[in-house]
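Below is one structure, written out as structure tokens; comments come after it.
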Amino acid sequence: MRFRHAVAIVSLSLLFAGIHARGDESLPIFDAHLHYSAESWAALSPQAVLALMERAGVTGALVSSTPDDGTLMLYKADPVRIVPELRPYRRQGDMVAWYRDAEVLSYIENRIERNVYHGIGEFHLADASQVDTPQMKRVVEIAVERDILLHVHSGAAPVSALFAANPKVKILWAHAGMDAPPAVIGELLDRHAQLWTEVSLRAEDIAPSGNLDPAWQALLLRHADRFIIGTDTWAVWRWPVYVGLIEQHREWLRQLPHDVAEKIAHRNAVRLLDQ
Ligand SMILES: [Zn+2]
């Protein structure tokens, strides 16, 4: 009797260990912040990037690149896993004044005709006044006309200005505002039903020393449908650490209820991007 009891306990713990291990390995991740810019494509082939995604358990990625050709190269290599978005930057220098540059706008208007893009971005806005240009008005209009996202790296104010310009716009807020605290992110998500956010570069805020921060935990539970994972491969050195960046996110995801973790890990992105 005692033996059978012991066997039952052992089997039960093996079962839990099995569930735990399976959960760890198989939680698929959608990475909503991948760049395959010129320096990266000089260092890694599209196949090498796809192999890294495979190793990291990344089942899909929203990709934008400087210039856009990098995105199209990756997309050609895997049109199922790669979801392209159109980055307005033809070269790094465009980042500074793209929002008021007529040539950049023509570049966007021409490229967007390919009809493969699920968003415009990731682009940078330093303050709300930068939303107020004829070029930006047109960018917002294009996104609404085509029902695609704007992927915005900015503080809270430009996000509000974009929604004021057109409440129908859909925004993916890069890095959850980079240094925005949970209260600010929560307030913005409360106010705008068309806002989603990805948490690239935020793993250490979400889980300092690996433990889920209580304010972040409350926010992730409250807006479980609006958070998405991201890594941000903005420089070549991000690729050798790519698997670790994904694992860093998995570590805090494991501390959430499984259904919430699954939403943030991939379900929200798949639904938003109509994958
Ligand atoms: Zn960014």
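So the number in the working numbering is just where the residue sits in the sequence shown, counting from 1, plus 11. All residues carry an ideal CB built from backbone N, CA and C; glycine is no exception.
Discussion item. Is it the case that the stretch 193-208 contacts the stretch 225-239, given that we only count it when at least three CB pairs across the two stretches are under 8 Å?
Written reply: At 8 Å Cβ cutoff, the stretches touch.
Worksheet item: Just the Cα atoms here: how many angstroms apart are E273 and P39?
Response: Residue 273 sits at position 262 when you count from the first residue of the sequence shown. Residue 39 sits at position 28 when you count from the first residue of the sequence shown. Cα to Cα, E273 sits roughly 8 Å from P39.
Practice prompt. Taking 8 Å as the threshold, find out whether the stretch 216-229 comes into contact with the stretch 247-256 through three or more Cβ pairs.
Written response: No, the stretch 216-229 does not touch the stretch 247-256.
Worksheet item: Looking at L83 and P57, is the spacing between their C-beta atoms short of 8 Å?
Response: What you label residue 57 is simply residue 46 of the sequence shown in a count that begins at 1. What you label residue 83 is simply residue 72 of the sequence shown in a count that begins at 1. P57 places its beta carbon 8 Å or farther from that of L83.
Fill in: Rounded C-alpha distance that separates H94 from P78
As a working note, residue 94 is residue 83 in the sequence shown. As a working note, residue 78 is residue 67 in the sequence shown. In the sequence on display, residue 94 carries Val and not His. Whole-angstrom Cα-Cα distance: 16 Å.
Practice prompt. Report the rounded CA-to-CA distance for L9 versus T242, giving the unit in angstroms.
Written response: Nothing in the structure corresponds to residue 9, since the chain is present only between 12 and 286.
Item to complete: Would you kindly work out how many angstroms separate the C-alpha atoms of L97 and E50, rounded to a whole number?
Response: For the purposes of this step, residue 97 is taken as residue 86 along the sequence shown, with counting starting at 1. For the purposes of this step, residue 50 is taken as residue 39 along the sequence shown, with counting starting at 1. When rounded, the distance between both Cα atoms is 18 Å.
Worksheet entry | Same chain, Cβ closer than 6 Å to L256, five either side skipped, listed in chain order | Indexing the sequence shown from 1 puts residue 256 at position 245. Within the same chain, T242 come within 6 Å of L256 by CB-CB distance, once the 5 residues on both sides are set aside.
Worksheet item: Between which two residues does the beta strand (DSSP E) containing D4 stretch?
Response: As displayed, the chain neither begins before 12 nor continues past 286, which places residue 4 out of reach and without an answer.
Worksheet item: Ordered along the chain, which non-local residues of its own chain (more than five positions away) have a Cβ less than 8 Å from that of G34?
Response: Within the sequence shown, the letter at position 23 stands for residue 34. Note that G34 scores a pLDDT of 40, beneath 50, so its modelled location is shaky; the value from the coordinates is reported in the next line. Contacts found: R265 and H269.
Practice prompt. Quick one: residues with CB closer than 5 Å to any heavy atom of ligand 1, in chain order, please.
Written response: Selection around ligand 1 by beta-carbon proximity, strictly under 5 Å to any non-hydrogen atom, yields H164 and A185 in chain order.
Practice prompt. Thinking D143 and A168 are a contact (beta carbons under 8 Å), I'd like their distance in whole angstroms, please.
Written response: Along the sequence shown, read from residue 1 onward, the residue named residue 143 stands at position 132. Along the sequence shown, read from residue 1 onward, the residue named residue 168 stands at position 157. No, D143 and A168 are not in contact; Cβ-Cβ is about 12 Å, not under 8 Å.
Item to complete: For the alpha helix (DSSP H) containing P225, list its first residue and its last residue.
Response: As a position in the sequence shown, residue 225 is number 214, starting the count at 1. Looking at the DSSP string, the run of the alpha helix (DSSP H) that includes P225 is P225 to R233.
Item to complete: Jot down the residue ranges of each uninterrupted alpha helix (DSSP H) in the stretch 249-276, minimum 4 residues, whole runs only, in chain order.
Response: Listed in chain order, the complete alpha helix (DSSP H) runs (minimum 4 residues) inside the stretch 249-276 are 253-264 and 269-273.
Discussion item. Strictly by DSSP, which residues pair up with P95?
Written reply: Taking the first residue of the sequence shown as position 1, residue 95 is located at position 84. DSSP, once it has assigned bridges, lists V74 as partnering P95.
Worksheet entry | Touch test, the stretch 180-197 against the stretch 157-165, Cβ-Cβ under 8 Å, three pairs minimum | Yes: at least three Cβ pairs fall under 8 Å.
Worksheet item: Secondary structure at G34, three-state DSSP: helix, strand or coil?
Response: The count along the sequence shown starts at 1 and reaches residue 34 at position 23. Its pLDDT being 40, under 50, G34 is placed unreliably by the model, and the measurement read from it follows with that caveat. Collapsing the DSSP output to three states places G34 in a helix.
Practice prompt. Locate the alpha helix (DSSP H) running through D80, then write down its first and last residues.
Written response: For this step, residue 80 is matched to residue 69 along the sequence shown. Start and end: D80 to A88.
Worksheet item: Exposed or buried, what is E65 when buried is set at 16 or more other beta-carbons lying within 10 Å of its beta-carbon?
Response: Here residue 65 corresponds to residue number 54 of the sequence shown, with the count starting at 1. With fewer than 16 other Cβ atoms within 10 Å, it is exposed.
Worksheet item: Can you pull the DSSP bridge partners for H164?
Response: One-based indexing of the sequence shown puts residue 164 at position 153. Bridge partners of H164: H135.
Worksheet item: To which residues does DSSP link L183 through a beta bridge?
Response: Position 172 of the sequence shown, counted from the first residue, corresponds to residue 183. According to DSSP, L183 bridges with H162 and W207.
Worksheet item: Roughly how many angstroms separate the alpha carbons of L267 and L45, rounded to a whole number?
Response: On the sequence shown, residue 267 is found 256 positions in, with the first residue counted as 1. On the sequence shown, residue 45 is found 34 positions in, with the first residue counted as 1. Spanning the two alpha carbons is a distance of roughly 24 Å.
Item to complete: In the DSSP assignment, find the beta strand (DSSP E) that holds I40 and state where it starts and stops.
Response: Within the sequence shown, the letter at position 29 stands for residue 40. Following the DSSP letters along the chain, one finds I40 inside the beta strand (DSSP E) bounded by residues I40 to H46.
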